[in-house]
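**Student:** As numbered in this note's numbering, the sequence shown has no gaps in its residue numbers, which increase by one up to the final residue, 369. One structure coming up, written as structure tokens, with questions to follow.
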Amino acid sequence: MAKRRGVAGWHSMRKEQLVKALLRRTKGESPRKSGRATTSKASSNSKTSKAASATASRSATKNVAAKGSATRAAKRIGAIQAKAAEAKDLAVRNSGNGSAAVRDRLVVMVRDPYWLHAYWELSRACVERAAAAMGQYWHSARPVLRLYAVERGHTTNAATKVVRDIDIHGGVNNWYIDVTEPPKSYQLEVGYLAGNGKFYALARSNIVSTPPANAAGDAEDGNWAGVAEDYERIFAMSGGYSREGEHSELREVIEERLQRPIGNSLGSRFGFGFGGVGRDPNGLPFQVDAELVVYGCTVPGARVTLRGQPVRLASDGTFSVRFSLPDRRQVLPVVASSRDGAEERTIVLAVERNTKVMEPVVREPDDQ
């Protein structure tokens, strides 16, 4: 009966349906199985395609992130390299007068038995010559002041002995050097010290002698205010009147910074015109000048600069700087940096001096 039904069923099929059924039966497949296999294959292909797309997307995202990270790292490296090059450059950056030629020179002055004050000017060509002469060692070189002890009664190189090398940096042109066991004679050189110990000097200073420790009249603070206040003593202690020669660069530097000639007369101390030609010898000499005192405090060991120049701190972190106050407006940035350089604070002072000289009044004896 089943067989007849099957045959009857086949007779009821159309020709095309019968051919397809016979082919499926020959291959051992059923229509339902074939449909499921086709569906499963399509689903598998779809999942593979989605996985490939996700992998490609993640790879693209990683590439973009890697490129961004490389760009940031390159910028940081560039900034570090630029900062290192700036700290290494001792050439004059702002001379105040662009047309004035920079002279390669180093001058040292005695401030008191335990402190020397060095001042230098170095041209761009001078620094470039050092870089060329040091060759491959230039990359590891650092700027220093080399302090020499000079044996008394001698001025030759053979009588000098290296005391120490003092690390300095670009952007400044003066430095305070602490010395010991006064009285002693010293000389300085400014230059570059390479990692292999090779030293290339850019300029050499005059020879100075510190006074005994009990000498009176020591300058009490740094910078050029103290020089203006007591320049005669400082000039003499710094070798200005020595037999080896009145050190012309020392005189020039002091006169340039004080903006007046140095001498022993009262007139030279207060400027031109005091007791000058044409003044009535019976008249009343009268001059008024002014100085500015900037003082403050920070933590001991910090670094303080005033207008880019280093300020010496006392052991408790206090400081005081005195300098001349010309007839004009001045902007004075004072910057304090922590010992490790991680923190910095700036305070800007703006001061102005306006001096007016009134007409003299001369009274006749009968008017009194």
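Think of the CB as a built atom: it goes at the ideal place given N, C-alpha and C, for glycine as much as any other residue.
Helix, strand or coil: how does DSSP classify Gly274 here?
**Tutor:** Note that Gly274 scores 39 on pLDDT, short of 50, meaning its location in the model is unreliable; the coordinates nonetheless yield the value given after this. Gly274 falls in the coil class under three-state DSSP.
**Student:** Once DSSP output is grouped into helix, strand and coil, what is the label at Val322?
**Tutor:** strand
**Student:** Measure the C-alpha to C-alpha separation of Ser179 and Ala150 and round it to an integer number of angstroms.
**Tutor:** A small fix is needed here, since residue 179 is Asp in this sequence, not Ser. Cα to Cα, Asp179 sits roughly 13 Å from Ala150.
**Student:** Among the candidates Arg106, Gln137, Phe324, Ala160, whose CA atom is the shortest distance from the CA of Gly192?
**Tutor:** Arg106
**Student:** Would you kindly check if the distance between the Cβ of Val322 and the Cβ of Val295 is under 8 Å?
**Tutor:** yes
**Student:** Take the Cβ of Met135 as the centre, count every other Cβ of all protein chains shown within 10 Å, and call the residue buried at 16 or more, exposed below.
**Tutor:** buried
**Student:** Grouping DSSP H, G and I as helix and E and B as strand, with all else coil, what is His170?
**Tutor:** coil
**Student:** Let me make sure I understand the geometry here. Which of Asn175, Leu285, Lys199, Glu17 has the alpha-carbon closest to that of Arg313?
**Tutor:** Asn175
**Student:** So what's Val349 in DSSP terms, helix, strand or just coil?
**Tutor:** strand
**Student:** In this structure, how does DSSP classify Ala160 when only helix, strand and coil are distinguished?
**Tutor:** helix
**Student:** Could you give the distance in angstroms between the alpha-carbon of Ser210 and the alpha-carbon of Gly342?
**Tutor:** 35 Å
**Student:** Pick from Pro327, Arg143, Gly302: whose alpha carbon is nearest that of Asp317?
**Tutor:** Gly302
**Student:** Under 8 Å between the Cβ atoms of Asn147 and Glu190?
**Tutor:** Note that residue 147 is Arg in the sequence shown here, rather than Asn. It is a contact, given that the beta carbons lie within the stated cut-off.
**Student:** Find out if the Cβ-Cβ distance for the pair Glu122, Arg104 is shorter than 8 Å.
**Tutor:** At the C-beta level, Glu122 and Arg104 come within 8 Å of one another.
**Student:** For Asp168, which of Leu19, Glu345, Asp90 has the nearest alpha-carbon?
**Tutor:** Residue Asp90 is the option with its Cα nearest to Asp168.
**Student:** Would you mind stating whether Val349 and Leu326 have Cβ atoms separated by less than 8 Å?
**Tutor:** no
**Student:** Using a threshold of 8 Å, state whether the C-beta atoms of Tyr138 and Ala86 are closer than that.
**Tutor:** no
**Student:** Give me whichever residues DSSP pairs with Ala370 in a beta bridge.
**Tutor:** Absent from the model: residue 370. The displayed extent of the chain is 2 to 369, so no value can be given.
**Student:** Just list the residues that DSSP pairs Asn175 with in beta bridges.
**Tutor:** Tyr120
**Student:** If you reduce the DSSP assignment to three classes, tell me which class Gln82 lands in.
**Tutor:** helix
**Student:** Thinking just about the alpha-carbon of each residue, which of Ser141, Ala74, Ser60, Phe287 is nearest to the one in Met359?
**Tutor:** Phe287
**Student:** Can you tell me where the beta strand (DSSP E) with Glu190 in it begins and where it stops?
**Tutor:** 186-194
**Student:** Tell me the residue span of the beta strand (DSSP E) that contains Val358.
**Tutor:** DSSP places Val358 in no beta strand (DSSP E); its state is neither H nor E.
**Student:** Going by the DSSP bridge assignment, what does Arg330 pair with across the sheet?
**Tutor:** Glu353
**Student:** Starting from Ala202, follow its DSSP beta bridges and name the residues at the other end.
**Tutor:** Paired residue(s): Gly192.
**Student:** Taking the Cβ atom as the reference point for each residue, do Gln331 and Val352 lie within a distance shorter than 8 Å?
**Tutor:** yes
**Student:** Taking C-alpha atoms, which residue in Glu182, Arg340, Gln18 lies nearest to Tyr115?
**Tutor:** When each option's Cα is compared against that of Tyr115, the closest is Glu182.
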